[in-house]
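Trainee:
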């Protein structure tokens with residue numbers, strides 16, 4: 002973090018803004034490719050879905066039947082690294098930000 006932060010002193014939206022500010026300061030977008038991920042698990046029998054996106058690409062996929070949040074996280078990292086390896090972007094460094102909202106409502 003670029004400044005000292007105590008979670009109890011800030012609203013979640015403010016914490017997110019501080020986190021993004023820190024990412025942009027430590028990993029400037031003009032030098033680092035920022036890859037964001039998101040996904041959901043509505044029903045275990047349907048499996049997880051995932052989204053992987055950056056300024057260069059946007060991909061949404063179904064991970065598979067009977068897949069979990071963990072399976073989704075592995076898949077988005079795999080897809081993100083494949084997209085970076087393909088070279089759609091000219092930057093030499095990559096920063097993958099994984100956003101996961103678990104059934105309890107907590108962000109991991």
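Residue numbers (our numbering): 2 to 109. Using N, Cα and C, we set each Cβ at its ideal position, and we do this for glycine too. Keep in mind it's a predicted model, so treat the numbers as computed, not measured.
#1: Alpha carbon to alpha carbon, how far is residue 32 from residue 23?
#2: What is the C-beta distance between residue 21 and residue 94, in whole angstroms, given that I count them as a contact (C-beta under 8 Å)?
#3: Of the choices 64, 99, 55, 57, whose alpha-carbon is the least far from that of residue 46?
#4: Alpha carbons only, please: which of 4, 26, 57 is nearest the one belonging to residue 86?
#5: Would DSSP call residue 54 helix, strand or coil?
#6: Quick one, are the C-beta atoms of residue 62 and residue 76 less than 9 Å apart?
Mentor: On the basis of the supplied data:
#1: C-alpha separation (whole angstroms): 15 Å.
#2: Contact flag wrong, Cβ pair sits at about 18 Å.
#3: Of the candidates 64, 99, 55, 57, the one whose C-alpha sits nearest the C-alpha of residue 46 is 64.
#4: Ranking 4, 26, 57 by Cα distance to residue 86 puts 57 first.
#5: DSSP places residue 54 within a strand segment (E or B) once states are collapsed to three.
#6: The criterion of a C-beta distance shorter than 9 Å is satisfied by residue 62 and residue 76.
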